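Remarks on the structure that follows.
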Amino acid sequence: MSDRPTGQISENSRRIAKNTLALYFRMFLLMAIGLYTSRVVLNALGETDFGVYGAVGGIVSMCSLLTGSLASAISRFLTVELGKNDEVRLKDIFSTSVIVILLLAALVFVVAEPLGIWYVGNVMNLPPERLEAARWVFQFSLFTFAVNLMSVPYNAAIIAHERMTAYAYISVLEGVLNLAVALLVSYCSFDRLKYFSFLMFLSAVAVRFTYVVYCKRHFGECRVRLRLNKSIFGQMVSFAGWSFLGNGAYILNTQGINQLLNIFFGVSLNAAREVMSKVEMAVNKFVTNFITAINPQIMKSYAAGNYEYMYHLVCRGAKYSYFMLFVLALPLMLETPAILRIWLKDVPEYSVVFVRLSLATALCNTLGHTFLAAVNATGKVVRYQIWVSVVGVLVFPLSLVAFKAGCPPQTAFYIYFLVYFVLIFVRLFIVTRQIGMPRALFAKEVFLKIIPVTIFSAVVPLLLMCGLPPSIWRLLAVCVSSVLCVAVSVYLTGLTAGEKIFIVRKLRNIFKVNL
1 MSDRPTGQIS
11 ENSRRIAKNT
21 LALYFRMFLL
31 MAIGLYTSRV
41 VLNALGETDF
51 GVYGAVGGIV
61 SMCSLLTGSL
71 ASAISRFLTV
81 ELGKNDEVRL
91 KDIFSTSVIV
101 ILLLAALVFV
111 VAEPLGIWYV
121 GNVMNLPPER
131 LEAARWVFQF
141 SLFTFAVNLM
151 SVPYNAAIIA
161 HERMTAYAYI
171 SVLEGVLNLA
181 VALLVSYCSF
191 DRLKYFSFLM
201 FLSAVAVRFT
211 YVVYCKRHFG
221 ECRVRLRLNK
231 SIFGQMVSFA
241 GWSFLGNGAY
251 ILNTQGINQL
261 LNIFFGVSLN
271 AAREVMSKVE
281 MAVNKFVTNF
291 ITAINPQIMK
301 SYAAGNYEYM
311 YHLVCRGAKY
321 SYFMLFVLAL
331 PLMLETPAIL
341 RIWLKDVPEY
351 SVVFVRLSLA
361 TALCNTLGHT
371 FLAAVNATGK
381 VVRYQIWVSV
391 VGVLVFPLSL
401 VAFKAGCPPQ
411 TAFYIYFLVY
421 FVLIFVRLFI
431 VTRQIGMPRA
441 LFAKEVFLKI
451 IPVTIFSAVV
461 PLLLMCGLPP
471 SIWRLLAVCV
481 SSVLCVAVSV
491 YLTGLTAGEK
501 IFIVRKLRNI
511 FKVNL
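All letters in the sequence shown, in the order written, are residues 1 to 515 by the working numbering.
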């Protein structure tokens, strides 16, 4: 096993920190823009059309399991080759990935077009007067999906090269365009749902064109001619095929549940599910930004044979991801009704319980992100994907049985939480065995840190919530105390001695004081 020089590790840490800061700049702007955009869209479309857009768009979103699988494969191959500094093979990988995407886009259109139109008209529980508009939503959602699919290799190239600043700026452009769409729809005098779906397609075209132009100007492999390397094609398809299982289980547990809610309870539940989705996506950005910055280093460390450093990144990444999510999730879970009323004014029924359960599930799921990066780095994903898929896919059939038995809508999200809690330990057992990382290391560095932080942080906010009547002052008190209690608990019980020294040194540099 090769040991990476300390100076190089420091440089990698600085790169991770710089990229994380760039992604957080992106996240804060996108969160503010996205939450306001959701409010504008809900008010402009109304609860029924908002639910129709979420339900019909969710059909096309199920196709994103293909996008996610290929994006993981392309990103993995590009990142590993960058770690090996093989420019010739890097060009072959990018060219082959573009051909794979073109073939997949054609396949999706041939299969999804007729099946989707039939499903919208014959299976979905939609108001009859909105059926035509729903078909418009489906068509433009499919077009938007195709545009996003075509840009997958370019997005993967930006992340593999760790150009997170450019990724942040282009993502902010996307958020601004989506806000502009929402504002335009608010002043529309004809069918707003049709107009909204069309403008969202145009926004996707503009953003994807920007990604392509940037990559062709800055990365040599993105300017090569299209040529198919059969060996790489086979490896990439095989890798994506197994990743397809894990992504398929996740899509079935999200968009599949969305369709079950529509069939059993109607579009009003899809509106609540869409609200839950917006909150979950906004909060998860705190984690995905950090993971996006750290994953290339995990893969490059494996490619360079520096396994001890990879173990360090896997554990620290899981722990920090949990803390980043928990600092937001705690006040949101405690004061969900008040926060949703301020955000949306008219809150769809069941939104509160949906949001709380989705945040609890997200806390479980966040511990597995660095595990997936480590497995992808090895390229041996079969065992991991099979077990994660077998356990994870239980959410859908169990929810279907529960709904047929007359259980309320939130039952699906209780099942969702329990299954993903079990998956924490399934992932731990499989990944540690595969990459050779001691399970005791993960238990010591992650579990024994996050459990006391979770318990101690909640005490004061819970006392305030139970002891004060509902008001804006209670909301502020609970939110501020939650953030402060998480920060203090993380410092006292969640960090190692070395991490505490690092933070104190940084604070001294920032505030120029002796701590």
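Yeah, the Cβ is synthetic: ideal placement off N, Cα and C, and Gly gets one too. As the structure is a prediction and not an experimental result, all values here were calculated from the model.
Nearest-angstrom Cβ-Cβ length linking residue i and residue j, presumed shorter than 8 Å
i, j, result
"V52", "L126", "6 Å"
"F396", "G256", "5 Å"
"G90", "E81", "The sequence shown places Leu at residue 90, not Gly. Correct: roughly 5 Å between the Cβ atoms."
"L334", "V478", "5 Å"
"V147", "R135", "Contact doesn't hold; Cβ gap of about 19 Å is too wide."
"S399", "L199", "Not really, about 34 Å apart at Cβ, beyond 8 Å."
"S482", "P461", "4 Å"
"L193", "A106", "Their Cβ separation, rounded to whole angstroms, is 28 Å, which puts L193 and A106 out of contact at 8 Å."
"F354", "F413", "6 Å"
"L359", "E280", "7 Å"
"C315", "V446", "6 Å"
"T79", "M236", "That belief does not hold up - the Cβ atoms of T79 and M236 are roughly 13 Å apart, past 8 Å."
"T254", "F201", "T254 to F201, Cβ: 22 Å. No contact."
"I74", "M150", "I74 to M150, Cβ: 12 Å. No contact."
"V283", "L325", "6 Å"
"V388", "R427", "7 Å"
Residue i burial status per 10 Å Cβ neighbour count (16 or more: buried)
i, result
"I415", "buried"
"G317", "buried"
"K500", "exposed"
"T496", "exposed"
"D346", "exposed"
"C466", "exposed"
"P529", "Any answer about residue 529 is impossible in this case: the structure gives the chain only from 1 up to 515."
"A182", "buried"
"T6", "Bear in mind that a pLDDT of 45 at T6, under 50, signals an unreliable position, so the number given afterwards is only what the model happens to contain. Label assigned to T6: exposed."
"A271", "buried"
"Y530", "Residue 530 is absent from the model: the chain starts at 1 and stops at 515."
"K216", "exposed"
"Y187", "exposed"
"V88", "exposed"
"L332", "buried"
"L448", "exposed"
"P296", "buried"
"A160", "buried"
"P438", "exposed"
"G368", "buried"
"G305", "exposed"
"K84", "exposed"
"V390", "exposed"
"G498", "exposed"
"F429", "exposed"
"K278", "buried"
"E174", "buried"
"K319", "buried"
"V513", "Residue placement at V513 is poorly supported in this model, since its pLDDT is 49, which falls under 50; the coordinates are not used for a value here."
"A206", "exposed"
Of the listed residues the options, nearest to residue i (C-alpha basis)
i, options, result
"A487", "L462, L464, A458, L107", "A458"
"I435", "K380, V483, R474, W387", "K380"
"C485", "L328, V212, A105, E132", "L328"
"V208", "T493, I158, T288", "It should be pointed out that residue 208 corresponds to Arg in this sequence rather than to Val. The residue with the shortest Cα to Cα distance from R208 is I158."
"G266", "F326, T370, V123", "V123"
"I294", "E280, M310, G305, M281", "M310"
"V453", "F323, S189, L475, A360", "F323"
"T370", "M299, V382, I93, I342", "M299"
"L142", "F94, V56, N262", "V56"
"F425", "G392, P409, V152", "G392"
"L269", "N253, S351, A338", "S351"
"T493", "R439, F456, P337", "F456"
"A443", "H312, S471, A303", "H312"
"W118", "Q139, A249, Q410, T288", "Q139"
"R341", "L475, F264, T292", "L475"
"Y195", "Y211, A206, N178, T210", "N178"
"P348", "V275, Y250, E174, V504", "V275"
"I291", "E308, Y307, S321", "S321"
"I93", "R427, L228, N155", "L228"
Cβ of residue i within 9 Å of any chain B Cβ
i, result
"F201", "Absent from the structure is chain B; it holds one protein chain and no more."
beta-carbon residue i near the ligand PLP non-hydrogen atom, thresh 8 Å
i, result
"G305", "The ligand content of the structure shown is nil, which means the ligand PLP is not present either."
- Query: Do the region 162–176 and the region 108–120 meet, that is, are 3 or more Cβ pairs less than 8 Å apart?
  - Reply: no
- Evaluate the contact criterion for the region 406–424 versus the region 352–372: three or more CB pairs, one atom per stretch, below 8 Å. yes
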